Amino acid sequence: MSSSAKNRMLARAARDITPGMTVNLGIGLPTQVMAHVAADCPVCLHSENGIAGVGGLTAPGQEDRNLIDAGGGYITCAPGGSFFDSAVSFALVRGGRLDLTLLGAFEVAANGDLANWIIPGKSAAGVGGAIELAQKARRVGVLTTHTDKHGNPKILDRCTLPLTAMGCVNRIYTDMAVCDVEHDGLHLIELAEGVTLAEVRAATGALLIAPDGPIPTF
Amino acid sequence: MSSSAKNRMLARAARDITPGMTVNLGIGLPTQVMAHVAADCPVCLHSENGIAGVGGLTAPGQEDRNLIDAGGGYITCAPGGSFFDSAVSFALVRGGRLDLTLLGAFEVAANGDLANWIIPGKSAAGVGGAIELAQKARRVGVLTTHTDKHGNPKILDRCTLPLTAMGCVNRIYTDMAVCDVEHDGLHLIELAEGVTLAEVRAATGALLIAPDGPIPTF
Amino acid sequence: MPVLDKSTDLTDAIAQIRDGARVMIGGFGVPGTPFTLIEELVRHGPKNLTIIKNDANEPGMGVDWLLSAGMVRRLITSHVGLNGNAVRMMNAGEIEVEFVAQGILAERIRAAGAGLKGFVTDIGIGTLLSEGKQTVEMDGATWLIEPALEADFALVHAARADTFGNLVYAATARNFNPLMAMAANCTIAEAETIVEIGGIDPDAVHTPAPFVDHLVALPEQLMEVYGVVQR
Amino acid sequence: MPVLDKSTDLTDAIAQIRDGARVMIGGFGVPGTPFTLIEELVRHGPKNLTIIKNDANEPGMGVDWLLSAGMVRRLITSHVGLNGNAVRMMNAGEIEVEFVAQGILAERIRAAGAGLKGFVTDIGIGTLLSEGKQTVEMDGATWLIEPALEADFALVHAARADTFGNLVYAATARNFNPLMAMAANCTIAEAETIVEIGGIDPDAVHTPAPFVDHLVALPEQLMEVYGVVQR
Numbered sequence: 024m025s026s027s028a029k030n031r032m033l034a035r036a037a038r039d040i041t042p043g044m045t046v047n048l049g050i051g052l053p054t055q056v057m058a059h060v061a062a063d064c065p066v067c068l069h070s071e072n073g074i075a076g077v078g079g080l081t082a083p084g085q086e087d088r089n090l091i092d093a094g095g096g097y098i099t100c101a102p103g104g105s106f107f108d109s110a111v112s113f114a115l116v117r118g119g120r121l122d123l124t125l126l127g128a129f130e131v132a133a134n135g136d137l138a139n140w141i142i143p144g145k146s147a148a149g150v151g152g153a154i155e156l157a158q159k160a161r162r163v164g165v166l167t168t169h170t171d172k173h174g175n176p177k178i179l180d181r182c183t184l185p186l187t188a189m190g191c192v193n194r195i196y197t198d199m200a201v202c203d204v205e206h207d208g209l210h211l212i213e214l215a216e217g218v219t220l221a222e223v224r225a226a227t228g229a230l231l232i233a234p235d236g237p238i239p240t241f
Numbered sequence: 024m025s026s027s028a029k030n031r032m033l034a035r036a037a038r039d040i041t042p043g044m045t046v047n048l049g050i051g052l053p054t055q056v057m058a059h060v061a062a063d064c065p066v067c068l069h070s071e072n073g074i075a076g077v078g079g080l081t082a083p084g085q086e087d088r089n090l091i092d093a094g095g096g097y098i099t100c101a102p103g104g105s106f107f108d109s110a111v112s113f114a115l116v117r118g119g120r121l122d123l124t125l126l127g128a129f130e131v132a133a134n135g136d137l138a139n140w141i142i143p144g145k146s147a148a149g150v151g152g153a154i155e156l157a158q159k160a161r162r163v164g165v166l167t168t169h170t171d172k173h174g175n176p177k178i179l180d181r182c183t184l185p186l187t188a189m190g191c192v193n194r195i196y197t198d199m200a201v202c203d204v205e206h207d208g209l210h211l212i213e214l215a216e217g218v219t220l221a222e223v224r225a226a227t228g229a230l231l232i233a234p235d236g237p238i239p240t241f
Numbered sequence: 003m004p005v006l007d008k009s010t011d012l013t014d015a016i017a018q019i020r021d022g023a024r025v026m027i028g029g030f031g032v033p034g035t036p037f038t039l040i041e042e043l044v045r046h047g048p049k050n051l052t053i054i055k056n057d058a059n060e061p062g063m064g065v066d067w068l069l070s071a072g073m074v075r076r077l078i079t080s081h082v083g084l085n086g087n088a089v090r091m092m093n094a095g096e097i098e099v100e101f102v103a104q105g106i107l108a109e110r111i112r113a114a115g116a117g118l119k120g121f122v123t124d125i126g127i128g129t130l131l132s133e134g135k136q137t138v139e140m141d142g143a144t145w146l147i148e149p150a151l152e153a154d155f156a157l158v159h160a161a162r163a164d165t166f167g168n169l170v171y172a173a174t175a176r177n178f179n180p181l182m183a184m185a186a187n188c189t190i191a192e193a194e195t196i197v198e199i200g201g202i203d204p205d206a207v208h209t210p211a212p213f214v215d216h217l218v219a220l221p222e223q224l225m226e227v228y229g230v231v232q233r
Numbered sequence: 003m004p005v006l007d008k009s010t011d012l013t014d015a016i017a018q019i020r021d022g023a024r025v026m027i028g029g030f031g032v033p034g035t036p037f038t039l040i041e042e043l044v045r046h047g048p049k050n051l052t053i054i055k056n057d058a059n060e061p062g063m064g065v066d067w068l069l070s071a072g073m074v075r076r077l078i079t080s081h082v083g084l085n086g087n088a089v090r091m092m093n094a095g096e097i098e099v100e101f102v103a104q105g106i107l108a109e110r111i112r113a114a115g116a117g118l119k120g121f122v123t124d125i126g127i128g129t130l131l132s133e134g135k136q137t138v139e140m141d142g143a144t145w146l147i148e149p150a151l152e153a154d155f156a157l158v159h160a161a162r163a164d165t166f167g168n169l170v171y172a173a174t175a176r177n178f179n180p181l182m183a184m185a186a187n188c189t190i191a192e193a194e195t196i197v198e199i200g201g202i203d204p205d206a207v208h209t210p211a212p213f214v215d216h217l218v219a220l221p222e223q224l225m226e227v228y229g230v231v232q233r
């Protein structure tokens, strides 16, 4: 994935973070989306280790040893932020107060299934908080390269890996396209600039329903 | 019940409140036990509406409108006290952190059953927090007159009223005696001064196991 | 990053509550009862409400305003002992009352707030209160399943709030308020003092702002009922 | 009324922990991990421990000291991704590891603290993590029953305490600490600062003193590991 394609993807995902949302961004690509959200957009960033109101990464030398995010990065607390225990933190997630989560994926399927925690044969290091984020956030977005490093599709008709959660994904953002999971299948919503429908279809392991007219680009 | 008999009963119950205990005292007679606990005895008084560290009743004119006990009386918070929500308050009870509760009774049985919330035919005003106090405090004491106002025993072989909790009572304090619920039945532990074993047996609706030797008095 | 200002006009906030709504109301006796929100709810006047509250307050006070206005179909509560009016209406069949042990009521509300379906307990086993309840076998014993108790709205009373909706309660006025704030689809909080963002220590927040939808400022001079000192 | 002083010598507090004990340890990464209590536990040396902690810290740090000393039989955790040593021991069969989804781990611990038998949830339905779990039918669907997770001891880290054992945590060092403090038969807290009774606002207490059994004072100069800023 080129850095410009990556930035386009991040910026596109950022456009779906709207004023007033409480959002949890997974480790890796999702965390980088925040840099593309408008500075004046009122968003509350949740991290599952017990904070609503993540400010950003701490400047080197300014770290507070008691203040990290779930990825282990030292962060600041934004004005209006709050701290709470792990039970309250996941109550917020499961109770429906998390408007959006953006997660990474090993595989994501046309039926919304997500696999992002274990690859059989490799030892799993655990499940962390991803299951509850995937299963209970009001909206779940997946950020991923459209294909793996061998060029194989990561968007499949059905996942082959053990699932993180069933039917949980609403939208998929990749370096090639934006797709929505609907009841009747996977819909192509937008194409990355310079990418053709044929190219996306070839790189996708599931039937892709394209709109009738021209396809918007991002 | 004469006021001296009542005071003896309260003072006797107070002797079982020992240093370091967390204690919940039910509305009515039990609340009055506190006045008989030594002032230098470190005790933490819990009230189920969300405080550990009840200081005492507030002097008239000094009431804090936000600070009451579960009986609705305006109270003070003792140094070292804490406030918490109703879920934490009952977590403390059910989780085994309440060393002792003293409760009132309509009826109490030789098997430790307690009935103190509803009399069929009369309308019940609710259950409040008594069930969990009765069922989950590490020790449950009952404070009651030995007989009702008609002279009928309140200590029975089995309760006739709907139960608050089964087999929960450890010790019964009355104006006539102190009795312990054991696996083999109800044991007489102490007699009130001036009361005879025969009098207690006559006023008790259950078999009372008396010690072989002399019976201590209180 | 800025945060949303959740300050809402009292009328607008309460106008969302329609006939048949399930409404949780914080408070244990007087402390923590959102009298101003309740008063506006009476003025607004939806019918057939299900009210979930620890107690029914006292005659002429709080929940009793709703009862007297004939707005309540069902009351889920731990006791109504201080409100003879509620007892009378219950006995006359004018309202349905479901009694729930106080800690179980708190925990059922919390379970909804925590996105759980219910919990497993032995509280009430062998008593009237277990009748008709679903059971489950675990470790060779029988346990009761208590279902989560959710609501459309929660009305809560806070001592302090910031404009984003972080709430702090005072003393025993906390009680059911933080649990209900988490358990309802829409949480409306009234606050005695509203401070600017940054005015509440993040370590001292009792209800984090993401649980709060609307924040209503109380007048400096509270209604007399908040200060009732009698029983 | 005076209150109990729960100040306890580090050695005496930890000496209670015997072979085969179930021990909960607070912390999420470095923040909130009671390194001083863990270090003393290693010195004391009980074997066949079951350790319950969100994560396994990092190599050469906290839980890893227990693993390296061969004191752990079983680890109940949400992930061990930052500790390659734990992964290696797990794969070599030197320790048993039970992975629990993070929020379910928190909730199972809380359920024990709340004196519940367990709770009912749909988290994990349709995934590997539901395999072998007890289920129950409610409202026409199948749900999982998650049992409460209790322990003999909880080791927690607080920023501040009073001598009675009221605890206050700092920022994201709160995490699992208050839940574990409620869930164990015996809770041992280490605190950076211990103040006199009355020195903590009753509204600001995170863990009420009745949940705490022993309070261990930390030296003014904390071990270096508390201040690790790297990842």
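Protein chains in written order, with the numbering used here: chain P, 24 to 241; chain D, 24 to 241; chain L, 3 to 233; chain U, 3 to 233.
Note that CB positions come from ideal geometry on N, CA and C, so glycine has one too.
No experiment lies behind these values; they were computed from the predicted model shown.
Note down, in chain order, each residue of its chain lying with its Cβ closer than 8 Å to the Cβ of residue i, except the 5 sequence neighbours on either side.
{"i": "P:L230", "result": "A133, D180, G208 and L209"}
{"i": "U:A161", "result": "V170, Y171, A172, A175, A193, E194 and T195"}
{"i": "D:R31", "result": "D198, A215, E216 and F241"}
{"i": "D:E213", "result": "R35, A200, V201, I238, P239, T240 and F241"}
{"i": "D:P185", "result": "A138, W140, I141 and P143"}
{"i": "L:S80", "result": "N56, D57, F101, V102, A103, Q104 and L107"}
Is any beta-carbon of chain P found at less than 8 Å from that of residue i?
{"i": "U:M63", "result": "no"}
{"i": "U:R147", "result": "The identity of residue 147 of chain U in the sequence shown is Ile, whereas the question assumes Arg. For U:I147, the answer is no, since every Cβ of chain P falls outside 8 Å of its Cβ."}
{"i": "U:L84", "result": "yes"}
{"i": "U:Q136", "result": "no"}
Leaving aside the five residues before and after residue i along the sequence, list all residues of the same chain whose C-beta is less than 6 Å from its C-beta, in chain order.
{"i": "U:I78", "result": "I54 and E100"}
{"i": "P:F113", "result": "E155"}
{"i": "P:R224", "result": "L231"}
{"i": "L:V230", "result": "V32"}
{"i": "U:L43", "result": "I16"}
Would you list the residues sitting across from residue i in a DSSP beta bridge?
{"i": "P:G105", "result": "According to the sequence shown, residue 105 of chain P is Ser rather than Gly. Beta-bridge pairing links P:S105 to P:A75."}
{"i": "D:P176", "result": "D:T170"}
{"i": "P:I141", "result": "P:I141 is not bridged to any residue."}
{"i": "U:D164", "result": "U:V197"}
{"i": "P:E205", "result": "P:G208"}
{"i": "U:E42", "result": "DSSP lists no partner for U:E42."}
{"i": "L:A186", "result": "L:A153"}
{"i": "D:L68", "result": "D:V46"}
Out of the options, point me to the one whose CA is closest to residue i's CA.
{"i": "L:D141", "options": "U:T144, U:Q136, U:D141 and U:G86", "result": "U:Q136"}
{"i": "P:H69", "options": "L:M225, L:F213, L:P221 and L:D57", "result": "L:F213"}
{"i": "D:G118", "options": "U:A88, U:M184 and U:P180", "result": "U:M184"}
{"i": "U:G28", "options": "U:T209, U:E222 and U:Q223", "result": "U:T209"}
{"i": "L:T38", "options": "L:E60, L:V65 and L:A23", "result": "L:V65"}
{"i": "D:P3", "options": "D:A226, D:T227, D:G228 and D:L220", "result": "Residue 3 of chain D falls outside the range modelled here, since chain D spans only 24 to 241, and no answer is possible."}
{"i": "P:A110", "options": "U:A156, U:I111, U:V89 and U:T52", "result": "U:I111"}
{"i": "U:Y228", "options": "U:F30, U:L6, U:I19 and U:G22", "result": "U:F30"}
Excluding the 5 residues preceding and the 5 following residue i in the sequence, name in chain order all residues of the same chain whose CB lies nearer than 7 Å to its CB.
{"i": "P:Q158", "result": "A188 and C191"}
{"i": "D:D122", "result": "M44, T45, V46, R161 and R162"}
Is residue i close to chain L, meaning its C-beta is less than 8 Å from at least one C-beta of that chain?
{"i": "U:T144", "result": "no"}
{"i": "P:A93", "result": "no"}
{"i": "D:E130", "result": "no"}
Taking CB distances under 8 Å as the criterion, tell me whether residue i reaches chain U.
{"i": "P:G174", "result": "no"}
{"i": "P:P237", "result": "no"}
Within 8 Å of any Cβ in chain D, is that where the Cβ of residue i sits?
{"i": "U:G115", "result": "yes"}
* Between the stretch 209-228 of chain L and the stretch 5-20 of chain L, are three or more C-beta pairs nearer than 8 Å? -> Three or more beta-carbon pairs drawn from the stretch 209-228 of chain L and the stretch 5-20 of chain L are found closer than 8 Å, and the two stretches are therefore classed as touching.
* Cβ-based contacts, 7 Å cut-off: residues of the stretch 11-28 of chain L near chain B -> Reference to chain B is not applicable here, since the protein chains of this structure are P, D, L and U.
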